[in-house]
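Be aware that the sequence shown starts at 2, since it is given in the working numbering, and climbs by one per residue.
This report refers to the structure that appears directly beneath it.
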Amino acid sequence: MHTKTKYWTPADGDAGLNEAAAALAAGGVVAFPTETVYGLGADARSEAAAERIFAAKGRPSDNPLIVHLADAADVDALAAEVSPLERALMAAFWPGPLTLVLPVRPGAVAARVTAGLDTVAVRVPAHDIARRLIAAAGCPVAAPSANRSGRPSPTLASHVRDDLDGRIDGVLDGGPTGVGVESTVVRVLGGDVHILRPGGVTAEQLQAAAGEAARIVAPSAGGETAAGDGEAAASGSADAPGAASAMDAVGADAAPAAGAAGAPRSPGVKYAHYAPQGVMAIASGAPAAVRAAVQAAVDDARRRGEPAGVLCCDEHAGFYSADAVLALGPRAAPAAAAQALYAALRECDARGLRFIAAEAFPEEGIGAALMNRMRKAAGGRALPV
Ligand code: TXA
Ligand code: MG
């Protein structure tokens, strides 16, 4: 596959945005910023365009895509039915980082997009460039994160270039994304809101918007029963990314695909998640004990001759001696760490780290999504503290 990839920068203004929209309307694949991560977009009604997304990413074909709309009013063209509770969630969080899995209106989107399921995942991104692009393209836009399968989601246009240059038609650069982790994916069933993938909208926010009568069903500790991060090559294959370092994985993706009885699920669960090229492990507990455990693990790795790094909160950065110390943000502000995580994981690979010890962050609010992604990157590995 070789395509000349065009890069539109903010300096290209409306002309760049309109060229990108024209490429989408013509069946092309174009990466664009959203408030969460960069997406790789294509016309959701076109089988051929959707197929180009799977080919560019190397994504397993049975993992469905999220459809992005410019306007919440357009949801009825895609969904066969929308319940009052689903409408309330849309009113509360759209535009924003919430994806709803809804019964699909037959024929509304390409079968490739839903991977043949009878549901479609939909969201309206809270990003001006994204919404203007979708509106100008004049079609619903299917878009997974714009990374090669098995890599962290891109939070900068340069991450997209690193993964997809020569494989897609263009990249619309809108600067760094805000939230830094993907949208929360939910399925409403019988008055319960099932979180299939934690993300930019927190469980606490969902509860407040859904009202006290609604039950918010969070994924069990260690991982979701369903959507997963949507990434990575097929599981089970010994040479899947991360497989070599996942021998002691205890994460959800290493478990059988069975979740809680009756819980909704999605194909993402079958896939091995992204892991950095180095082995990563997470330390949680009291700060002083965590610091000691992280430094001891780094020292062990370096004695084995492995370049070793640390992912930590700002407050602890000065404490460590390692080949790389990457501070993600203040310990009490998981939003900053969520924003920084994927770039830091890419940096670990760029620096050739073979071992990465990471400090756990508190799981309140968006900390739940942050720790979900960190545990996936670590293949569920915990450091003894
Ligand atoms: O923030 C985001 O959600 C980003 C930006 C670009 O919008 N997109 C994103 O897409 O993260 P992706 O493809 O990387 O992850 C989509 C997740 C996958 O885990 C997939 O299995 C799940 O959503 N999903 C999509 N359609 C589904 C469906 N019909 N039922 C259940 N899960 C679904
Ligand atoms: Mg993804």
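Ideal Cβ positions, reconstructed from N, Cα and C, are used throughout, including at glycine.
- Under DSSP, the beta-bridge partners assigned to Arg188 are His195.
- When the five nearest sequence neighbours on each side are left out, the beta carbons in the same chain lying within less than 8 angstroms of the beta carbon of Ala219 are those of Ile196, Pro199, Ala204, Ala369, in order along the chain.
- Taking a C-beta distance under 8 angstroms as the contact criterion, Val31 and Ala21 qualify as a contact pair.
- Arg133 is a Cβ neighbour of Leu18, given a cutoff of 8 angstroms.
- By the CB criterion at 8 angstroms, Ala336 and Leu329 fall outside the cutoff.
- In the displayed model, Arg216 falls within a strand according to three-state DSSP.
- Distance check between Ile169 and each of Ser159, Gly42, Val102 places Gly42 closest, using alpha-carbon atoms only.
- Around Val180, the same chain offers Glu36, Thr37, Pro98, Gly201 as residues with beta carbons nearer than 6 angstroms, after the five sequence neighbours per side are excluded.
- Following the DSSP letters along the chain, one finds Cys313 inside the beta strand (DSSP E) bounded by residues 309 to 314.
- By the CB criterion at 8 angstroms, Ala127 and Pro85 fall outside the cutoff.
- Per the C-alpha coordinates, the member of Trp9, Pro65, His317 positioned closest to Val161 is Trp9.
- DSSP places Thr100 in the strand class (E or B) of the three-state scheme.
- Distances from the CB of Pro145 to the heavy atoms of the ligand MG include at least one below 7 angstroms.
- Distance from the CA of Ala383 to the CA of Thr156, rounded to the nearest whole angstrom, comes to 26 angstroms.
- Arg305 and Ala323 have their C-alpha atoms roughly 14 angstroms apart.
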